[in-house]
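Student: Take a look at the following structure, please.
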Ligand SMILES: Cc1ncc(COP(=O)(O)O)c(C=O)c1O
């Protein structure tokens, strides 16, 4: 008898499901199905163990099925399944907000709960505009994103994002948006370890945008402190500092989208702490619950929060929220995730593991087709020269080779992107990069 919960589904059983961001017909002809997971590994229905080089989708930072998190979700499900957050709440929501504020960068001490990174970004953009409105400066409506940026799939996030293929089919998007140039310059920075030395001046493009648009119309700038889905691009040395200065000069809010870099990915609870630049607003999700229950958050500084708390006390200060904001199961998972990160020393261990990671990644420099390697914390990108007229196929071949050998990696065009659970061991790091090398050697 087939077990519908763990066995690979038949072609007929797969028919009804429309998978996101997936070539559905190709997938259903050659499905990748996982039926279990533990720690660093996924398990397939036919009994294969797959080393997870992506932490799910940049989210399972403490490894799969982290016991405290699983137990907390189970317990909460039997206690309080749901309560609205509109005009009411439950104790765990306050506790999680308090715990996140305690590990967040200095001054970012209030948290608005949402259910995903996309919702976090759209919420942050709305908060930015509403903040200026509340200050009586309603002319500030323009938003500035950056080329190669990824900010989820809502219309707001898509508008400020910088990956054209994601936008092509869905216009018109928000109109009042400008974009900074990206920081991907292998001609200056190839094989940098950590932050590349060249490129701080690219932040000055914000001044150029201000010169064109009138800075008093700009509400906020949003960037990922480390561009993630666009190909893992650590910021050039001094770049974020310059962005911060220009924002301050013109009264523009700075938003860091930390959906990937939040919760330990680059070696501290938030990327802002590692990179030494504090934004006004942070968006987060993914590692917030270790990926176990959908949840996101928007952290705001005191000035932003206090501005909203200045109006009539009986009216909602922000006309925004979601049915599942602050969901009890998500809050239980979030608290248990923070317990796990803290009690297992995950935030402290990551910088140590990251130096092994950096050496292993850069050891691929002499492998065929490799034109750049980038890394920070437990993120890395191996960029390949594309095949003539067939961009993306080289990295896709390496990804398939790795999967056949029991290792899961991801691609962004012809770049292999890596983001393992932060519990990865040196032996597993070695296996991951050795398998990628074999895949590169087997390419034509
Ligand atoms: C930086 C960033 N922002 C936003 C998102 C969107 O998150 P979600 O897929 O949870 O909506 C992602 C997802 O990868 C992301 O990397």
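Numbering (the working numbering), first residue to last: 218 to 661. Cβ atoms here follow ideal geometry from the backbone N, Cα and C, with glycine treated the same way.
Determine the burial state of residue 293: buried for a count of at least 16 other Cβ atoms within 10 Å of its Cβ, exposed for fewer.
Tutor: For the purposes of this step, residue 293 is taken as residue 76 along the chain shown, with counting starting at 1. Buried is the call here.
Student: I want to know whether the region 497-505 touches the region 464-482 - three or more CB-CB distances under 8 Å.
Tutor: With a cut-off of 8 Å, the region 464-482 and the region 497-505 count as touching, because enough Cβ pairs lie within range.
Student: Measure the C-alpha to C-alpha separation of residue 255 and residue 326 and round it to an integer number of angstroms.
Tutor: Position 38 of the chain shown, counted from the first residue, corresponds to residue 255. Position 109 of the chain shown, counted from the first residue, corresponds to residue 326. Spanning the two alpha carbons is a distance of roughly 34 Å.
Student: Mind checking whether the beta-carbon of residue 328 lies closer than 7 Å to any heavy atom of ligand 1?
Tutor: Sequence index remark: in the chain shown, residue 328 carries index 111 (1-based). Flag unset: Cβ of residue 328 not near ligand 1.
Student: Let me make sure I understand the geometry here. Which of 571, 630, 566 and 445 has the alpha-carbon closest to that of residue 275?
Tutor: Against the chain shown, residue 275 aligns to sequence position 58. If we check each option's Cα against that of residue 275, 445 comes out closest.
Student: If I follow the unbroken alpha helix (DSSP H) through residue 471, where does it start and stop?
Tutor: Counting from 1 along the chain shown, the entry for residue 471 is found at position 254. Element bounds for residue 471: not the alpha helix (DSSP H) but the beta strand (DSSP E), 470-474.
Student: Going by C-alpha distance, which of 618, 312, 623 and 366 is nearest residue 438?
Tutor: Working through the chain shown from its first residue, we reach residue 438 at position 221. The shortest Cα separation from residue 438 among 618, 312, 623 and 366 belongs to 366.
Student: Check whether the Cβ atoms of residue 420 and residue 357 lie closer than 8 Å to each other.
Tutor: Translated into positions along the chain shown, residue 420 becomes position 203. Translated into positions along the chain shown, residue 357 becomes position 140. Not closer than 8 Å, so no.
Student: With H, G and I counted as helix, E and B as strand and the rest as coil, what does DSSP make of residue 330?
Tutor: Here residue 330 corresponds to residue number 113 of the chain shown, with the count starting at 1. In this structure, residue 330 counts as strand in the three-state DSSP scheme.
Student: Using C-beta distances below 8 Å, list every residue in its chain close to residue 579, excluding the 5 sequence neighbours before and after it, in chain order.
Tutor: Locating residue 579 in the chain shown gives position 362, where the first residue counts as 1. Cβ within range, chain order: 408, 410, 590 and 592.
Student: For residue 339 and residue 661, I'd like the C-alpha separation in whole angstroms.
Tutor: Taking the chain shown and counting its residues from 1, the one referred to as residue 339 is at position 122. Taking the chain shown and counting its residues from 1, the one referred to as residue 661 is at position 444. When rounded, the distance between both Cα atoms is 43 Å.
Student: Please list the terminal residues of the continuous alpha helix (DSSP H) segment that includes residue 521.
Tutor: As a working mapping, residue 521 is identified with position 304 in the chain shown. 519-525 is the span of the alpha helix (DSSP H), which, as asked, contains residue 521.
Student: To the nearest angstrom, report how far apart residue 659 and residue 257 are at their CA atoms.
Tutor: Residue numbering aside, residue 659 sits at position 442 when the chain shown is read from its first letter. Residue numbering aside, residue 257 sits at position 40 when the chain shown is read from its first letter. About 26 Å.
Student: How big is the Cα-Cα spacing for residue 447 and residue 432?
Tutor: Your numbering for residue 447 matches position 230 in the chain shown. Your numbering for residue 432 matches position 215 in the chain shown. Distance between the alpha carbons of residue 447 and residue 432 is about 27 Å.
Student: What is the DSSP secondary structure of residue 418, counted as helix, strand or coil?
Tutor: Locating residue 418 in the chain shown gives position 201, where the first residue counts as 1. Residue 418: helix per DSSP, three-state reduction.
Student: Who are residue 592's beta bridge partners in DSSP?
Tutor: As a position in the chain shown, residue 592 is number 375, starting the count at 1. Answer is 597.
Student: Say the cut is 7 Å; is the CB of residue 235 nearer than that to a heavy atom of ligand 1?
Tutor: Here the question's residue 235 lines up with position 18 in the chain shown. It does not: the Cβ of residue 235 is nowhere closer than 7 Å to a heavy atom of ligand 1.
Student: If we call anything under 8 Å between Cβ atoms a contact, is residue 337 one with residue 514?
Tutor: The residue labelled residue 337 in the question sits at position 120 within the chain shown. The residue labelled residue 514 in the question sits at position 297 within the chain shown. Contact: yes.
Student: Mind checking residue 355: buried by the 16 CB within 10 Å criterion, or exposed?
Tutor: As a working note, residue 355 is residue 138 in the chain shown. The residue in question, residue 355, is exposed, as its Cβ has fewer than 16 Cβ neighbours within 10 Å.
Student: With a threshold of 8 Å, are at least 3 pairs of Cβ atoms found where one atom belongs to the region 518-536 and the other to the region 270-288?
Tutor: Touching, no.
Student: Specify, as a first and last residue, the run of the beta strand (DSSP E) that residue 394 falls within.
Tutor: The residue you call residue 394 lines up with position 177 of the chain shown. 394-397 is the span of the beta strand (DSSP E), which, as asked, contains residue 394.
Student: Entirely within the region 600-630 and at least 4 residues each: give me those alpha helix (DSSP H) ranges in chain order.
Tutor: The region 600-630 contains these whole alpha helix (DSSP H) runs: 610-621.
Student: Please confirm if the region 518-531 is in contact with the region 606-619, defined as three or more CB-CB distances below 8 Å between the two stretches.
Tutor: The region 518-531, when compared against the region 606-619, does not touch it at the 8 Å Cβ threshold.
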